[in-house]
Amino acid sequence: MGSLVTLAVIVIVTLGCVLGLRRISNTSSSGARQYGVTVAGGHGQGNATNQFDTPYGIFVDDDQTILIAEWGNDRIIQWKMSDTNGEVVAGGHGTGDRLDQLKGPIDVWIDNETDSIIICDRWNYRVVRWSRTNRTSQGKILVENIHCSGIAMDDQRYLYVSETDNSTVWRYEIGDKNGTLVAGGNGAGDGLNQLNTPYYIFVDQQQAVYVSDNSNHRIVKWNKGATTGVVVAGGHGNGDALEQLSLPEGLFVDNMGTLYVSEDGNDRVSRWPKGATQGTIIAGGNGHGGSANQLSRPDDLTLDRYGNLYVVDSGNYRVQRFSIKQT
């Protein structure tokens, strides 16, 4: 009997060590995943000013004011820091193509030079500008006849627009109706000179364009003037391994060249240091759900000037903020 007890103890201790090592291994490979704090929404699906309906694009201003493009409510809603309710600053007059209406807005940007909001008005096939200074009740069309899915501006105030249908990204000088092709343009595909369902975009100080190449499950960087892109994250098929992405959506590149990506298919945000061959999970990745350490179909993301991460947790109708350590 004594030998059996001793053997049982040895088995339990050994098994505990193995499980402990496995637990440590998982932690080191995925990083310290954070608990998010809800800073906008979180009161279920709806059209009240403390609710969202299919939130997508996000922009955070220098004073931490949050702007959200709400696909389901056809509006842009603004949340000041610590507010419990948002304020509609564009649209909100029902779905339609009038200049005081939006139809499926998917992305938003603040042009501080003119103190205006630029909106990707997807199902109206246009990009529009709304003044913040005069609080105008309608927008002005900047770009027409484009099935836009993401927008960005560079330091020289060139406007960049991704186009899902044609798998392209265009650059516009403000006021110019004709754009310059800067990524894609060779049909939908997985070649390095192609894109397939591009969504959100990011432009760095060198005017390199990072594209969330959604259906190719990768992030591609197109340097200024390049005719082909370089895969900087994913590109190994659709999956949940650390070297893979699944339906990437939002993206942000910090001053160190570190890439942050939200993944609709994996309910997580991963971080990729410059030159990395795999990412580290920093938010979500704990299954599909609505707890503080979970995400549900995360869409766009961004970082504020203090390094806080904001994630549009679309399936939970909320925006989550994470305090993360920079790499």
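Count the sequence shown with mature numbering (1 follows the signal peptide of the UniProt record, and there is no 0) and you get residues -20 to -1, 1 to 307, in order. Glycine included, each C-beta is placed from N, C-alpha and C at the ideal position.
Per the C-alpha coordinates, the member of GLY72, GLU93, ILE56, SER303 positioned closest to ILE99 is ILE56.
Contact between the region 230 to 241 and the region 182 to 194 is established, with three or more Cβ pairs separated by less than 8 Å.
When beta bridges are read from the DSSP output, GLN31 appears opposite no residue. Taken in chain order, the complete beta strand (DSSP E) segments of 3 or more residues contained in the region 109 to 195 are 120 to 124, 128 to 133, 138 to 143, 148 to 153, 160 to 164, 178 to 183, 189 to 193.
For the pair PRO35 and VAL249, the CB atoms are not nearer than the 7 Å cut-off. Just so you know, the alpha carbons of ARG301 and ARG78 end up roughly 34 Å apart. Secondary structure at GLY209: coil, using DSSP grouped into helix, strand and coil.
Listed as beta-bridge partners of ILE48 by DSSP are ILE38, ILE57. Of the candidates VAL88, ARG277, THR177, VAL88 places its Cα closest to the Cα of VAL107.
By the CB criterion at 7 Å, ASP244 and ARG277 fall inside the cutoff. By the neighbour-count criterion, in which a residue is buried when 16 or more other Cβ atoms sit within 10 angstroms of its Cβ, PRO253 is exposed. Distance from the CA atom of GLN274 to the CA atom of GLN14, rounded to whole angstroms, is 9 Å.
Its Cα nearest to that of GLY265, the residue SER242 stands out among ASP280, SER242, THR257. Restricting attention to PHE39, GLY259, GLY237, HIS23, the CA atom closest to the CA of GLY130 is found in PHE39. When DSSP states are grouped into helix, strand and coil, GLY270 belongs to the coil group.
Restricting attention to beta strand (DSSP E) runs no shorter than 3 residues, the region 218 to 271 encloses them at 228 to 233, 239 to 243, 248 to 252, 260 to 264, ordered along the chain.
ASN166 is positioned such that its CB atom lies no closer than 7 Å to that of ASN196.
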